[in-house]
Amino acid sequence: MDGPEPLARALRDAQYIADEGLATAAYLALALGKPLLLEGAPGVGKTEAAKAIASVLGRELVRLQCYEGIDAAAAMYEWNFPRQMLAIRQAGDDYVNLYADDFLIARPILRALEAPRDRVLLIDEIDRADHEFEAFLLEFLSDFTVSIPERGTIRAAEPPVVVLTSNRTRELHEALRRRCVYHWIGYPDPALEAQIVMMRASTVAQDTAQRVVRAVGALRAEPLAKPPGVAETVEWAEAATLLNAQGVPWPRAFARAIGVALKDQEDLDYIVPRLDAILGAA
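Offset between the sequence shown (1-based) and this note's numbering: plus 487.
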């Protein structure tokens, strides 16, 4: 890409609306060959941004979903032990190279290193992993290599495109942040969120999009355990439009579809008695 503006236009063509800050951060990460770290509340479009970047580049997205207890084997590679044992039994007294490609199971990081020009590596929700795994990532992100004791060191021919996301459930190590181009994705302003709804949900009328965005904004101002993200805004607009097409009048259609926007029982118990007032104000 020649700059942030052309990248923003390309992302829009890929059905993702990026503001100036995100487009600039993504452009700099691509131009400098550095990982892109996206932080923000759940549901603001961090993972979708990685998917859109992969689409713009015409590359396969390889996703590493982090979780508590994830280790290097799940991220890099492992050997197919049952297949190795079967090969030994079948070979009898003949020599078998147990560390040939046929027995190697490539996980996301190794797959990205093997074909850096064809793949984008998404390390999703890095904040869910423990500190030991984060320390392992520091080594990988510094020189983009993977050491396999039985095979040697595999180094990427060029820095792969890497996107990390974090919901900030815990603080990431400063050393990890220094290796990345950083951008915080917040909830979009109402006008932008209405554009997103219109882009993602072609059946939703503009007036409906604007009203659901105002209602979602009011919900996010409440002390909810799980406030609705942008994805829930789109889904709520679609669900209410579908109910309205079946004969449910406005704003009752919004009220009946509230389970699409709020997905926590305590949040629903808190909001439902006040929902008519919130929808009325929207």
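Think of the CB as a built atom: it goes at the ideal place given N, C-alpha and C, for glycine as much as any other residue.
Exercise. Pull up the DSSP beta-bridge partners for L551, would you.
Key: I610
Are there 16 or more other CB atoms within 10 angstroms of the CB of F620, so buried, or fewer, so exposed?
buried
C-alpha distance - A616 paired with R594, whole-angstrom precision: 16 Å
(Q) To the nearest angstrom, how far is the alpha carbon of G734 from that of V699? (A) 18 Å
query = Straight-line CA distance for A497 to V543?
reply = 6 Å
(request) Would you mind working out which of P491, Y757, A644 and A742 sits nearest A602, comparing C-alpha positions? (result) A644
Item to complete: Starting from the C-beta of I613, find all residues in its chain whose C-beta is less than 6 Å away, skip the five residues before and the five after it, and write them out in chain order.
Response: C553, L651 and S653
Just how far apart, CA to CA, sit E722 and D694?
16 Å
Exposed or buried, what is N584 when buried is set at 16 or more other beta-carbons lying within 10 Å of its beta-carbon? exposed
ask   = Since I596 and V633 are thought to touch, with beta carbons under 8 Å apart, how far apart are those beta carbons, to the nearest angstrom?
value = 6 Å
Problem - V717 - containing beta strand (DSSP E), residue span - result: V717 -> not in any beta strand (DSSP E); alpha helix (DSSP H) instead, spanning V717 to A732.
Discussion item. Just to confirm the assignment, what range does the beta strand (DSSP E) spanning R666 have?
Written reply: Counting along the chain, R666 falls outside any beta strand (DSSP E), and DSSP gives it neither H nor E.
| said: In whole angstroms, give me the CA-to-CA distance for A571 and A539. | reply: The amino acid at residue 571 is misidentified as Ala; the sequence shows Gln. Whole-angstrom Cα-Cα distance: 39 Å.
Is it right to say T728 is buried, meaning 16 or more other beta carbons lie within 10 angstroms of its own, or is it exposed?
-> buried
Going by DSSP, what residue range makes up the alpha helix (DSSP H) through R642? From DSSP, R642 is part of no alpha helix (DSSP H) but of the beta strand (DSSP E) over G639 to R642.
*Beta-carbon separation (whole angstroms), A536 vs L509, contact threshold 8 Å*: 7 Å
### Query
Excluding sequence positions up to five away, which residues of its chain have a Cβ less than 7 Å from the Cβ of L730?
A740, R743 and A744
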